[in-house]
Amino acid sequence: PQVVDAVTSAQTPESLEAVLEFLDFKDASTSILQERFLYACGFASHPSEMLLKSLTEKFKGDVASEEIRETLVIVMGALIRKLCDREGCKLPAVVEAKRLILNRLEKAKKDDNVQMYLLALKNALLPEAIPVLLKYAESGEGPISSLAASALQRYDPSFLTKEVKETMNRIYHQTRKVHEKTVRTTAAAIILNSNPSYMEVKNILLSIGELPMEMNKYMLSMIQDILHFEMPSSKTVWQVLKDMRAHNYDRFSKMGSSSAYTGYITRGPDVSSTYSLDILYSGSGILRRSNMNIHVFDRNAELHAIQVVIEAQGLESIIAATPDEGEENLDSFAGMSAILFDFQLRPVTFFQGYGDLMSKMLSATGDPMNVVKGLVLLTDFLQEIQLQSGPTASAEFMGGLAIDISGGMEFSLWYRESKTNVKNRVAVFIAGNTEVDSFFVKTGMETTLEAETALDFISTVQFSQYPFLVCMQMDRVDSPFRTHMTKYESLPSGRRYTARRGKAATLAGNEYPLHQENSNMCKKVFGAKSDSAGGWF
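Under the UniProt record's numbering, the first residue of the sequence shown carries the number 1, and numbering increases by one thereafter.
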């Protein structure tokens, strides 16, 4: 698998030809290698039209594994966006791939096929796909509606027209039909993150108190997070809060365990990184959706580094609870979806249907399910500059990443407890070389950086009482890193002067702070566990 990663990351016509000759998409037994190849294509730093054309031809042909077929079209969506970002939207291969995805989506009858093409559009972020996504967000059922809404959430606010905001308002306020909580909260997030008007914010605030109990708490947390983190819409929210009908004790004292929180991992003058954790429960205390995001910002750009979403539905029957409004007929389901470096990966399913759920519960090992594992080319940059004084200057940077993202969901009827665990393991290596070559001397500097870290997101729910106890934890383990720097000069005579410096250290692990309410709840959860550890009597 590592050789497939490396050959694909070479990104030359010869390497592409070699790997396509090696892989047989008609053979399901090599699906692991096929998936590694496709993900390496999705992370390509400078993809070619030839690569997209080759994948389109493979998609049109015979593919033995349905999962590989789904991954193929998802990667095609990512390549469309990358080529369009490089002003390649009118290339024949890009035009053909866009037409293929949109036409196949229009003709799709099965829900699985609809979701597959929606995932491709979620990666492609085509402006012409917005009306299609609006249609599925408002009129689709269950996971399809949720997926279309989450795809719209990824667009830059400048693309979210008046029509988009009107549709999101209809979904949130359920003007035309009843929607699930996951779709309504996503619609609210889109409204609040796209320059909302005074009345849009006011209507959302006035709805708090009329919603299902856990959704009340979630929306309240979302509003408080906007104010706490001073997001762009916070000024409008503060204006609305001057109205006592929107801002009063009755509205802001709603009970529940759902929450939304944003904080800084690092904050500096040039680069900042944020993390956000939000978690939504059903009224019976069962996880509905947990969402972890990490964003990186510099002065000019934003990178969605990681998103891991765990969704569950239709689990109320296990504990004989009553489903929330609009969710009475949902099938039992739990799964995980991830975004890595702005690239939506193929979602994985923990279980589908009541029978599958019961068999997984009886045979559960507690082992996490892998979402993505592989080597990723982070950067591949080379530039040469002819200086006015004559010498040539060059700069070369290369970076690679080894990543392993996995997640699991455990459910115990005996202890009336559920636990979700998302593990993110990352190792990174970056090498850079800057050099100036004149006629009589060559001088330069080489630098390397190596680092390794792991980030775990754990949520524990005890639903033996109401309000149920919920504890969220976001932990980073000890993280070693090493840097090396070499300065060198060489003369025509062959003499070479070299100076080396290096540094190795370990960043101590830590648990990232969330809101105070979560800290109080965690004390109760782990206090209850220690109290019950003494035995039966």
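Every residue gets a Cβ at the ideal spot worked out from N, C-alpha and C, and that includes glycine. Remember, predicted model here, so these are calculated numbers, not experimental data.
Exposed unless 16 or more other CB atoms sit within 10 angstroms - verdict on residue i
i	result
Glu128	exposed
Asn518	buried
Gln307	buried
Thr12	exposed
Asn370	exposed
Ala533	Residue confidence for Ala533 is low, a pLDDT of 47 falling below 50, so the modelled location carries little weight; the figure read from the coordinates is stated next. Classification of Ala533: exposed, given that the 10 Å Cβ count is below 16.
Gly335	buried
Gly140	buried
Gln115	buried
One or two residues paired with residue i in a DSSP bridge
i	result
Leu147	Answer is none; Leu147 lacks a bridge partner.
Asn291	Asp278 and Val309
Cys522	Answer is none; Cys522 lacks a bridge partner.
Arg267	Ser272
Val296	Ser273 and Leu303
Lys487	Met445 and Ala499
Glu384	Ser394
Leu455	Asn424 and Arg476
Leu507	Ser479
Among the options, the one whose alpha carbon lies nearest that of residue i
i	options	result
Tyr512	Pro480, Tyr275, Gly142 and Arg81	Tyr275
Ser337	Ile405, Gln352 and Ile385	Ile405
Ile101	Gly502, Asp112, Met76 and Pro92	Met76
Tyr415	Arg425, Thr498, Ala451 and Leu469	Leu469
Phe439	Ala454, Ser464 and Glu489	Glu489
Met485	Phe526, Ile68, Ser418 and Arg501	Arg501
Phe397	Phe350, Gly355, Leu192 and Leu449	Leu449
Gly355	Gln344, Leu377 and Ser332	Ser332
CB of residue i within 8 Å of CB of residue j, strictly
i	j	result
Thr443	Val436	yes
Leu118	Ile144	yes
Ile339	Met409	no
Met474	Leu303	no
Leu287	Val461	yes
Ala137	Ala148	yes
Glu35	Thr71	yes
Lys26	Ala64	yes
Ala151	Leu133	yes
Leu375	Gly400	yes
Phe429	Phe43	no
Three-state secondary structure (DSSP) of residue i
i	result
Met199	helix
Thr12	coil
Lys419	strand
residue 542	Residue 542 lies beyond the range of the chain shown here (1 to 537); nothing can be said about it.
Ala108	coil
Met369	strand
Val376	strand
Trp536	Low local confidence applies: a pLDDT of 37 at Trp536 is under 50, so the model's placement there is unreliable, and no value is given.
Pro480	strand
Tyr261	strand
Ile339	strand
Glu17	helix
Ser406	strand
Ile286	coil
Phe59	helix
Glu210	coil
is_contact[residue i, chain D] using C-beta, thresh 8 Å
i	result
Leu227	Absence of chain D from the displayed structure is noted, only one protein chain being present.
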